[in-house]
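K.L.:
In short: position in the sequence shown from 1, add 1, done, that's our numbering. Please see the structure below; I have some questions.
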Amino acid sequence: MSSTGGPRRLLVRDLAQLATPAGTAAPLRGRALGVVDVVEDAYLLCAGDSIEAVGRMRDLPHLDGDIDELDGRGLCAIPGLVDCHTHACFAGDRVEEFTLRAAGASYEELHATGGGIMSTVRATRAAGEQALVDAVRQHRAWMLRAGTTTFESKSGYGLDRETELASLRAVKAAGGVPTWLGAHAVPPEFDDPDAYLDFALAEVLPAAAEIAEAADVFLERGAFDATQARRYLTACTEASLALRLHGDQFTEQGAVRLAIELGARSVDHLEATGDEGVAALGKSNVAAVLLPASALFLARPMPPGRALVEAGAIVALATDFNPGSAFCESLPLVCSLAATQLRLSPAEALASCTVNAAHVLGRSDSLGRLAPGYVADVVLLEAPDWRYLAYHLGANLVAAVILRGQRAE
Ligand code: NIG
Ligand code: FE
Numbered sequence: 002m003s004s005t006g007g008p009r010r011l012l013v014r015d016l017a018q019l020a021t022p023a024g025t026a027a028p029l030r031g032r033a034l035g036v037v038d039v040v041e042d043a044y045l046l047c048a049g050d051s052i053e054a055v056g057r058m059r060d061l062p063h064l065d066g067d068i069d070e071l072d073g074r075g076l077c078a079i080p081g082l083v084d085c086h087t088h089a090c091f092a093g094d095r096v097e098e099f100t101l102r103a104a105g106a107s108y109e110e111l112h113a114t115g116g117g118i119m120s121t122v123r124a125t126r127a128a129g130e131q132a133l134v135d136a137v138r139q140h141r142a143w144m145l146r147a148g149t150t151t152f153e154s155k156s157g158y159g160l161d162r163e164t165e166l167a168s169l170r171a172v173k174a175a176g177g178v179p180t181w182l183g184a185h186a187v188p189p190e191f192d193d194p195d196a197y198l199d200f201a202l203a204e205v206l207p208a209a210a211e212i213a214e215a216a217d218v219f220l221e222r223g224a225f226d227a228t229q230a231r232r233y234l235t236a237c238t239e240a241s242l243a244l245r246l247h248g249d250q251f252t253e254q255g256a257v258r259l260a261i262e263l264g265a266r267s268v269d270h271l272e273a274t275g276d277e278g279v280a281a282l283g284k285s286n287v288a289a290v291l292l293p294a295s296a297l298f299l300a301r302p303m304p305p306g307r308a309l310v311e312a313g314a315i316v317a318l319a320t321d322f323n324p325g326s327a328f329c330e331s332l333p334l335v336c337s338l339a340a341t342q343l344r345l346s347p348a349e350a351l352a353s354c355t356v357n358a359a360h361v362l363g364r365s366d367s368l369g370r371l372a373p374g375y376v377a378d379v380v381l382l383e384a385p386d387w388r389y390l391a392y393h394l395g396a397n398l399v400a401a402v403i404l405r406g407q408r409a410e
């Protein structure tokens, strides 16, 4: 509360531009995905943790009472970025594997020989809950520096009861949106995927459903097949979790069909999705979450971003931040990849990691726009034009972040 009794207010004045996905609808698809409202010479007023007003400086009303001010000269305001797909709860790293991959080993080969995901599972199981909380907090700090104000994170590097639940609690403790990735890989103590699922669904799901908002499965050759994924997801939906899938990362195994059949929130990756899958997603309400940093990091083909937008799909962008396939927390870099590799416009990229990513997390009523009533999560870019978000490749343009109406340090 301010000394005059109302909520604390923060005025960002003299912004070069303020840019926000237009309208109030969510999710955005088709032409609407590419419409961004830009206000030149703008102000933004926060009251408490919400946005009270935005507009042109010349229309700024007289404001009474105590108001904190931030000088926006040379800066552009965009909505706080929403990362709707990360694996931020892990211990250790995979820098040795990264070096082996640079020398020619493939990600799938490393996975098949007990490296890859399983090497992170070993480190994560050994870490202990406090170390996991510290790790997620550190990863969250990296994300915030890159402009991410809301993040989802999956579990999936525990694959035993204790570590899966500790991972979900750690994500929540760090302010993230937890997703139970109970079907990420089959841990070595089980002979086959079904035996592992017997355990996970009976012993972990009831407690995981108390913490997580969604469930996720890695539907892929060498992980879980479509029948096993259906079994896992059906049990999770019965426990009131929203559904997500890792699908079509390396091969098409029916993930798109299954996601649509089960009414999943999203199917993520889609590097291997063909024309039929693109057309089906275009007609469905399942979001297509594209992870171009992962395709880049693994030197894989990019997902068919332009075709999905043209087909009318709900497209979202995310980092896939994890130690193996995408050691990258930067959504601005993902926006650059979207513009240069997926042929999305900067406006489509912005909507995909704000409004549509918020939709994937069930939060599009309150997150993803700079408009009165939305949560005051704001990124201030050091740039004369907001499109530098995608244009300035690899730069960290984030001059400041406002989180829930207050400047984040
Ligand atoms: O989304 N593909 C499956 N899971 C993660 C990678 C996890 C890892 O390599 O540690 C992904 O790319
Ligand atoms: Fe992932």
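Backbone N, C-alpha and C fix where the C-beta goes; we use that ideal spot for every residue, glycine too.
Residues in its own chain within less than 7 Å of threonine 121 by CB, not counting five upstream and five downstream?
P.N.:
Here the set comprises Phe91, Gly93, Arg95, Tyr158, Pro324 and Gly325.
K.L.:
Can you tell me whether aspartate 321 sits near the ligand FE, meaning its C-beta is under 6 Å from at least one heavy atom of the ligand?
P.N.:
Yes; taking the cut-off as 6 Å, the Cβ of aspartate 321 has a heavy atom of the ligand FE nearer than that.
K.L.:
Run through DSSP, which three-state label would histidine 270 get?
P.N.:
Strand.
K.L.:
Which residues mark the beginning and the end of the beta strand (DSSP E) in which alanine 216 is found?
P.N.:
Segment 215-219, the beta strand (DSSP E) holding alanine 216.
K.L.:
To the nearest angstrom, report how far apart alanine 350 and glutamate 190 are at their CA atoms.
P.N.:
Taking the straight line joining both Cα atoms gives about 42 Å.
K.L.:
Give every residue of the same chain whose Cβ lies closer than 8 Å to the Cβ of arginine 59, excluding the five residues on either side of it in the sequence, and list them in chain order.
P.N.:
Once the five neighbours on either side are set aside, the close Cβ partners of arginine 59 are Asp42.
K.L.:
Tell me the rounded alpha-carbon separation between alanine 314 and valine 356.
P.N.:
Approximately 14 Å, taken between the alpha carbons.
K.L.:
Can threonine 320 and aspartate 72 be called in contact, C-beta distance under 7 Å?
P.N.:
Cβ atoms of threonine 320 and aspartate 72: not closer than 7 Å.
K.L.:
Could you check where the beta strand (DSSP E) with glycine 248 kicks off and where it finishes?
P.N.:
Looking at the DSSP string, the run of the beta strand (DSSP E) that includes glycine 248 is 243-248.
K.L.:
Quick check: the Cα distance between alanine 78 and glycine 56, rounded to an integer number of angstroms?
P.N.:
For alanine 78 and glycine 56, the distance between alpha carbons rounds to 12 Å.
K.L.:
I'd like to confirm the pairing. Which residues does DSSP put opposite cysteine 77 in its beta bridges?
P.N.:
Answer is Gln18 and Leu382.
K.L.:
Between aspartate 378 and leucine 404, how many whole angstroms is the CB-CB distance? I'm expecting something under 8 Å.
P.N.:
Their Cβ separation, rounded to whole angstroms, is 6 Å, which keeps aspartate 378 and leucine 404 in contact under 8 Å.
K.L.:
Which residues in the same chain have their Cβ closer than 7 Å to the Cβ of glutamine 254, if we skip the five residues on either side of it in sequence?
P.N.:
If we look at glutamine 254 and ignore the five residues flanking it on each side, its Cβ neighbours are Leu220, Glu221, Arg222, Asp226 and Ala227.
K.L.:
Please name the residue in Tyr392, Phe322 and Ser285 whose C-alpha comes closest to that of isoleucine 152.
P.N.:
It is worth fixing the name first, because residue 152 is phenylalanine in this sequence and not isoleucine. For the residues Tyr392, Phe322 and Ser285, the minimum Cα distance to phenylalanine 152 belongs to Phe322.
K.L.:
My assumption, with CB atoms under 8 Å, is that leucine 12 sits in contact with tyrosine 44. Please give the rounded CB distance.
P.N.:
Confirmed, about 6 Å.
K.L.:
What first and last residue would you give for the beta strand (DSSP E) that runs through glycine 183?
P.N.:
That run of the beta strand (DSSP E) goes 178-184.
K.L.:
Report the option in Leu16, Pro8 and Pro28 whose CA atom is closest to the CA atom of arginine 370.
P.N.:
Nearest of Leu16, Pro8 and Pro28 to arginine 370, Cα basis: Pro28.
K.L.:
Can you tell me the Cα-Cα spacing of arginine 231 and valine 172, whole angstroms?
P.N.:
Going from the Cα of arginine 231 to the Cα of valine 172 covers about 26 Å.
K.L.:
Name the two residues that bound the continuous alpha helix (DSSP H) containing threonine 238.
P.N.:
Note, threonine 238: alpha helix (DSSP H), 227-239.
K.L.:
Applying the criterion that 16 or more other CB atoms from any shown protein chain within 10 Å of the CB defines a buried residue, is glycine 183 buried or exposed?
P.N.:
Buried: at least 16 other Cβ atoms inside 10 Å.
K.L.:
Just verifying my parser: in three-state terms, what is the DSSP assignment at lysine 284?
P.N.:
It is coil, neither helix nor strand.
K.L.:
Jot down the residue ranges of each uninterrupted alpha helix (DSSP H) in the segment 183-213, minimum 4 residues, whole runs only, in chain order.
P.N.:
With a minimum length of 4 residues, the continuous alpha helix (DSSP H) runs that stay inside the segment 183-213 are 194-200 and 206-212.
K.L.:
Using a Cβ-Cβ cut-off of 7 Å (strictly less than) and excluding sequence neighbours within five positions of alanine 132, which residues of its own chain qualify?
P.N.:
Contacts found: Ala92.
K.L.:
Would the beta-carbon of glycine 325 be found less than 6 Å away from any heavy atom of the ligand NIG?
P.N.:
Checking every heavy atom of the ligand NIG against the Cβ of glycine 325, one is found closer than 6 Å.
K.L.:
Based on the DSSP secondary-structure assignment, which residues constitute the bridge partners of phenylalanine 152?
P.N.:
Note: phenylalanine 152 sits in a beta bridge opposite Asp84.
K.L.:
DSSP three-state label for isoleucine 403, please.
P.N.:
Here isoleucine 403 sits in strand by DSSP.
K.L.:
How about the segment 298-310 and the segment 261-273: do they share at least three Cβ pairs that are nearer than 8 Å?
P.N.:
With the cut-off at 8 Å, the segment 298-310 and the segment 261-273 touch.
K.L.:
Hey, is phenylalanine 219 close to the ligand NAP, as in C-beta under 6 Å from one of its heavy atoms?
P.N.:
The ligand content of the structure shown is limited to the ligand NIG and the ligand FE, which means the ligand NAP is not among them.
K.L.:
Per DSSP, which one or two residues make a beta bridge with leucine 71?
P.N.:
Bridge partners of leucine 71: Val13.
K.L.:
Quick check on DSSP: helix, strand or coil for glycine 56?
P.N.:
Glycine 56 falls in the strand class under three-state DSSP.
K.L.:
Taking buried to mean at least 16 other C-beta atoms within 10 Å of its own C-beta, is histidine 112 buried or exposed?
P.N.:
It is buried - the Cβ of histidine 112 has at least 16 other Cβ atoms within 10 Å.
K.L.:
Alanine 54 and proline 373 - do their beta-carbons sit closer together than 7 Å?
P.N.:
Yes.
K.L.:
Go ahead and label aspartate 366 buried or exposed: buried means 16 or more other beta carbons lie within 10 angstroms of its beta carbon, across all protein chains shown.
P.N.:
With fewer than 16 other Cβ atoms within 10 Å, it is exposed.
K.L.:
What's the gap between the Cα of leucine 46 and the Cα of methionine 119?
P.N.:
Their Cα atoms are separated by approximately 48 Å.
K.L.:
With distance defined between alpha-carbon atoms, name the residue in Arg9, Leu19 and Gly7 nearest to leucine 382.
P.N.:
With distances taken between Cα atoms, leucine 382 lies closest to Leu19.
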